[in-house]
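Chains as they are written, first to last, in our numbering: chain A, 1 to 115; chain B, 1001 to 1555; chain C, 2001 to 2250. One structure below.
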Amino acid sequence: MSEQNQQHEQEHHIVSPTTYLIILLALLVGTAATVAASFVDLGEWHIAAGFTLFWNPVVALAIATTKMMLVVLFFMHVKYSPKLTKLTVSAGIFMFLVLISMTLTDYMSRAWGRW
Amino acid sequence: MSATTIVSLPDQSTARIPKMNFLTKENGLLSWLLTGDHKRIATLYLISITFFFFIGGALAGLIRLELLTPQTSLMAADTYNKVFTMHGVIMVFLFLVPSVPATIGNFVIPMMVGARDLALPKINLLSWYLYVVAGIMVIYSMAAGGVDTGWTFTTPLSTHYLNTHVISTGLAIFVAGFSSIFTGLNFIVTIHKMRAPGMTWFRLPLFVWSNYAASILMVLGTPVLAITLVLVVLERLFHIGVFDPAYGGDPILFQHLFWFYSHPAVYIMILPGMGVISEVVSTFSRKRVFGYTAVAFSSVAIAVFGFFVWAHHMFIMGISNYAALVFSLLTMLVAVPSAIKIFNWAFTLYKGSITFETPMLYAFGFMGLFTIGGMTGVFLGSTGTDIHLTETYFIVAHFHFVMVGGMLMAFLSGIHFWWPKWTGRMYPEKISQLAAIVTFIGFNFTFFPQFILGTLGMPRRYAAYPPEFQALNVFSTAGATILGVGYLLPILYLTWSLKYGAIAGDNPWQATGLEWQTQSPPLTENFPVIPIVDHEAYDYEWLEHQQQKEVASVG
Amino acid sequence: MSDSSTIAGGALAEAQHEHPPYQRHHFETVDQQFDATNFAMWLFLLTEVMFFGGLFTAYLIMRNWYYPAFVVGSHQLSIFWGTANTAVLIASSFTMAMSVWSAETRRKGLLLLYLCLTLVFGFTFLGIKAIEWHEKWEKHHIPGPSFSVQSFVDPASDPEVYKEYHDNPLQADMAQKTQEYFFLYFAMTGMHALHMVVGVGILIFMIFRAKAGAYTSGHVTFVENFGLYWHFVDIIWIYLFALLYLISRH
Chain A
1 MSEQNQQHEQ EHHIVSPTTY LIILLALLVG TAATVAASFV DLGEWHIAAG FTLFWNPVVA
61 LAIATTKMML VVLFFMHVKY SPKLTKLTVS AGIFMFLVLI SMTLTDYMSR AWGRW
Chain B
1001 MSATTIVSLP DQSTARIPKM NFLTKENGLL SWLLTGDHKR IATLYLISIT FFFFIGGALA
1061 GLIRLELLTP QTSLMAADTY NKVFTMHGVI MVFLFLVPSV PATIGNFVIP MMVGARDLAL
1121 PKINLLSWYL YVVAGIMVIY SMAAGGVDTG WTFTTPLSTH YLNTHVISTG LAIFVAGFSS
1181 IFTGLNFIVT IHKMRAPGMT WFRLPLFVWS NYAASILMVL GTPVLAITLV LVVLERLFHI
1241 GVFDPAYGGD PILFQHLFWF YSHPAVYIMI LPGMGVISEV VSTFSRKRVF GYTAVAFSSV
1301 AIAVFGFFVW AHHMFIMGIS NYAALVFSLL TMLVAVPSAI KIFNWAFTLY KGSITFETPM
1361 LYAFGFMGLF TIGGMTGVFL GSTGTDIHLT ETYFIVAHFH FVMVGGMLMA FLSGIHFWWP
1421 KWTGRMYPEK ISQLAAIVTF IGFNFTFFPQ FILGTLGMPR RYAAYPPEFQ ALNVFSTAGA
1481 TILGVGYLLP ILYLTWSLKY GAIAGDNPWQ ATGLEWQTQS PPLTENFPVI PIVDHEAYDY
1541 EWLEHQQQKE VASVG
Chain C
2001 MSDSSTIAGG ALAEAQHEHP PYQRHHFETV DQQFDATNFA MWLFLLTEVM FFGGLFTAYL
2061 IMRNWYYPAF VVGSHQLSIF WGTANTAVLI ASSFTMAMSV WSAETRRKGL LLLYLCLTLV
2121 FGFTFLGIKA IEWHEKWEKH HIPGPSFSVQ SFVDPASDPE VYKEYHDNPL QADMAQKTQE
2181 YFFLYFAMTG MHALHMVVGV GILIFMIFRA KAGAYTSGHV TFVENFGLYW HFVDIIWIYL
2241 FALLYLISRH
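If you want it as structure tokens, here you go:
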């Protein structure tokens, strides 16, 4: 039975409160940063004719995604979870991105007109 | 050609159904309504989906009756719209999607992996209750006047311009969607986490692989349908929304979100059927499935690629040419894994010892009809031809070939194959073979003319049509009558067999697979002791070895 | 073939028949039960990701089409309440993670404390949401027959917002599109709030069970899996905040 207990602890690594506290602070800092960034015009990047990338939404999404990763990895224990869990999370994010990006290919290319 | 059969039944004069089995374990209505036993839940599902199949079938009969004449003779055009809408809604969401997974899958998958039950028995029961609630809501919608948008709920027709029961039907499908999600979720967890010792992924029967792939589609695709239906309901209720141009919305957005699920949905419907065919073809050729790994991976490939092709339902709807190009190319790709399976089954048959019991007859029907249906799908995936063929009877024929000629035949094949395991009794072979042949003939008479009608230009979803199309329509309706007889017969003889069928014993088909190594009907806990697996799938030598061991030990 | 014996597991199977009371009979070990239910919760969260995904797709398209309306509409949301709510949810995620830790280390008192704190934060979030929505109702910004484009066609008529953002007046048709923004605002925050309400309900149930010692004797599965759900709801809000409140405040 002790073998089972050992395995039990190896699989269910208990994350320490200190880690949680650090992540909490990081998330609050991220929140402040994203609010501050929204008040500043961060400009744009003219990639090519007709393609302009505005930095504000990029920064906002980048900060949001970082916060998400912190919650997923530490609060949701994915960093310490089996590979299957990591694969599952990745599959979910991937499918979400497929939904958005492939739908967008239609909307973006409508402006290109007929052939 | 000698008429051989592989059926091996115990001596009927002394054989008895085992006294203790999952059907006799507990008695009373509550023991069924509150069960956690996957086999009882599968039985509940079987009864419910059969009920809805006949409602959907009756609606199909009404469609074919109306189409006997070029005018709207039997019912008003609006009523006809309601009839084909409900036919589609019931057949897709209340029959095809749950057909194999919720009945055969629920029954057989835990045994195939060597477990006592699915991972989440209560969620399994919840899944059935959600199905029943959805069914009741659909019946309510029909009784209250029906819905006439087509099963695809195209906006803004469904959100702005119609006064029919879109909300209740939409919510019913929302509920049915969660029933499907929970089934798929349960299967994925079970297959990952509850395999018996020694049951590695590549020793699993291919039926498990197919259902696993379908379950991934259920879990990832269905929620998008759910939110889309919520948005349609909100739009109808509050007269503001994202799908109606009058408010600044985009109808194409609805279609993107709707087909994001509904295309994978067709793979949800067909993959479990393909799993059945793998099992049946192997058993009735006495040969392991050719190219196990290819078939397993092609199931997963169909699931993955199936997510990338949805806009091929929207080529004429207003998407950009560039998007149409991308989706058309991807659609060509998704045909490949399906074709791989057909080739592998054909090579399984080659040099096998083939016998023609009923499940095998349905499997042959599947292979021929699904191939035709699948190939016509390629014509539709190519944008140039699709522009002419879409929204005609060609599409109707295409999807009925794959869904009815394919999936429904696979379902019947599976029901007949696992019937002895489920009930402990054999169905009557001769009449069932007759029914299979009648179904095949009726199907071809019904739907083959529709390919011709489509290429000639007859539009779908029309109650009235130009008179020059009448001959083919009459032919199609005649076929539908024959088809109806073919589907009625199994209800009659399968019910008959519950009392009068021959006692089947553990393994009448001499099949491999863990479910055939236990009693028929199985115990509630499936196995007295969890098996330890040391052989590959479809290992007929191992089976022979087992049988010899048994003969030796009895003596 | 009427014999129904299968390959025997022997002594191994017999030994594993003693199991903790919270282990269900179809599982062979407690670990299998934990692994399976944990995996099941993750799969459920995947379905939630795709469910919200449809809303995010709709939002993306509409924002691209009607950007000016979305900017002006977002100025009607209070950055103060939005940030406060974000901080509240992040704090609640922290207390939820601490609840799981307390259950894992069998500290019943702390478990109850952190679960109660999580509940308080949950209620606070819903309360602030109610305040925000009420404000929208008062200003006639709920889409439908009572919707008024006054604030968008003539921004000066809305002094609190005007003094912060000095928006230019919108053309009449673009002003109408602010309804799309608010429709998505209510749909997305409403769907999120619905998930919060379900979470709060389960939390209350859990507090009673925790008091009875259900989670501090080795069976942490329920708390851990609920934690996953709660964190997920937090993540959705993190994105909603960035997309709905912070479109452009300069």
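In this text, a Cβ means the ideal position worked out from N, Cα and C, and glycines have one as well.
query, result
"Name, please, each residue of chain A whose Cβ falls closer than 9 Å to the Cβ of residue 2231 of chain C.", "71, 72, 75 and 76"
"Taking the C-alpha atoms as reference points, what is the distance between residue 1112 of chain B and residue 1507 of chain B?", "14 Å"
"Starting from residue 2134 of chain C, trace the alpha helix (DSSP H) in both directions and tell me its first and last residue.", "2108-2138"
"Taking the continuous alpha helix (DSSP H) assigned at residue 1087 of chain B, which residues delimit it?", "1077-1089"
"Considering Cα atoms alone, identify which of C:2184, C:2129 and C:2117 is closest to residue 2083 of chain C.", "C:2129"
"Is DSSP giving residue 1101 of chain B helix, strand or coil here?", "helix"
"Are the region 2036-2055 of chain C and the region 2227-2235 of chain C in contact at 8 Å, needing three or more beta carbon pairs?", "yes"
"Please list, in chain order, all residues of the same chain as residue 27 of chain A whose beta carbon is under 8 Å from its beta carbon, the five residues on each side excluded.", "67, 70 and 71"
"Out of B:1364, B:1293 and B:1298, which has the shortest C-alpha to C-alpha gap to residue 1285 of chain B?", "B:1364"
"Tell me, to the nearest whole angstrom, how far the beta carbon of residue 1398 of chain B is from that of residue 1376 of chain B; I am working on the premise that it is less than 8 Å.", "4 Å"
"For residue 1302 of chain B and residue 1251 of chain B, what's the separation of their Cα atoms in angstroms?", "28 Å"
"Residues of chain C with a CB under 9 Å from the CB of residue 103 of chain A: which are they?", "2057, 2060 and 2061"
"Please check the pair residue 1065 of chain B and residue 1477 of chain B, which I expect to be a contact at CB under 8 Å, by giving their CB distance rounded to whole angstroms.", "7 Å"
"I need the DSSP call for residue 47 of chain A, collapsed to helix, strand or coil.", "strand"
"For the 8 Å Cβ check, are there 3 or more pairs between the region 1489-1503 of chain B and the region 1410-1430 of chain B?", "yes"
"Please classify residue 1473 of chain B: does DSSP put it in a helix, a strand, or coil?", "helix"
"Can you give me, in chain order, the residues of the region 1260-1274 of chain B that have a beta carbon less than 9 Å from any beta carbon in chain A?", "1260"
"Give the residues of chain C in contact with residue 1228 of chain B, contact being defined as C-beta atoms less than 8 Å apart.", "2054"
"Any idea what DSSP makes of residue 2230 of chain C, helix, strand or coil?", "helix"
"Comparing alpha-carbon positions, which option in B:1133, B:1433 and B:1076 lies nearest residue 1045 of chain B?", "B:1133"
"Compute the beta-carbon to beta-carbon distance between residue 1416 of chain B and residue 1362 of chain B, rounded to the nearest angstrom, for a pair I have assumed lies under 8 Å.", "7 Å"
"Assuming residue 2209 of chain C is part of the alpha helix (DSSP H), what are its boundary residues?", "2178-2211"
"Drop a sphere of 10 angstroms on the beta-carbon of residue 2009 of chain C, count the other beta-carbons inside from all chains shown, and report buried for 16 or more, exposed for fewer.", "A caution first: residue 2009 of chain C carries a pLDDT of 40, below 50, which makes its placement in the model too unreliable to give a value."
"Can you give me the C-alpha to C-alpha distance between residue 1521 of chain B and residue 1438 of chain B, rounded to a whole angstrom?", "30 Å"
"Specify the secondary structure class of residue 1523 of chain B as computed by DSSP and reduced to three states.", "strand"
"Below 8 Å between beta carbons: does that hold for residue 2087 of chain C and residue 2227 of chain C?", "no"
"Alpha carbon to alpha carbon, how far is residue 2032 of chain C from residue 1 of chain A? Give it in angstroms, no decimals.", "Note that residue 1 of chain A scores a pLDDT of 40, beneath 50, so its modelled location is shaky; the value from the coordinates is reported in the next line. Near 15 Å, if we compare the C-alpha coordinates of residue 2032 of chain C and residue 1 of chain A."
"According to a CB-to-CB cut-off of less than 9 Å, which residues of the region 1217-1249 of chain B neighbour chain A?", "1220, 1221 and 1224"
"When the cut-off is 8 Å and only beta carbons count, does residue 1022 of chain B lie next to chain C?", "no"
"Here's the rule I'm using: 16 or more other beta-carbon atoms within 10 Å means buried, otherwise exposed. How should residue 2197 of chain C be labelled?", "exposed"
"Comparing the C-beta of residue 95 of chain A with each C-beta of chain B, is any distance below 8 Å?", "yes"
"Between the C-alpha atoms of residue 1445 of chain B and residue 1062 of chain B, what's the straight-line distance to the nearest angstrom?", "17 Å"
"Strictly below 7 Å CB to CB, what residues from chain A border residue 1008 of chain B?", "Result: empty, since nearest Cβ-Cβ is about 41 Å, beyond 7 Å."
"Look at the Cβ atom of residue 1210 of chain B, then the Cβ atom of residue 1188 of chain B, and state whether they are nearer than 8 Å.", "no"
"Would you check if the region 1277-1294 of chain B and the region 1341-1352 of chain B touch, i.e. whether three or more CB-CB distances between them fall below 8 Å?", "yes"
"Taking all protein chains shown into account, decide if residue 2206 of chain C is buried (16 or more other Cβ within 10 angstroms of its Cβ) or exposed.", "buried"
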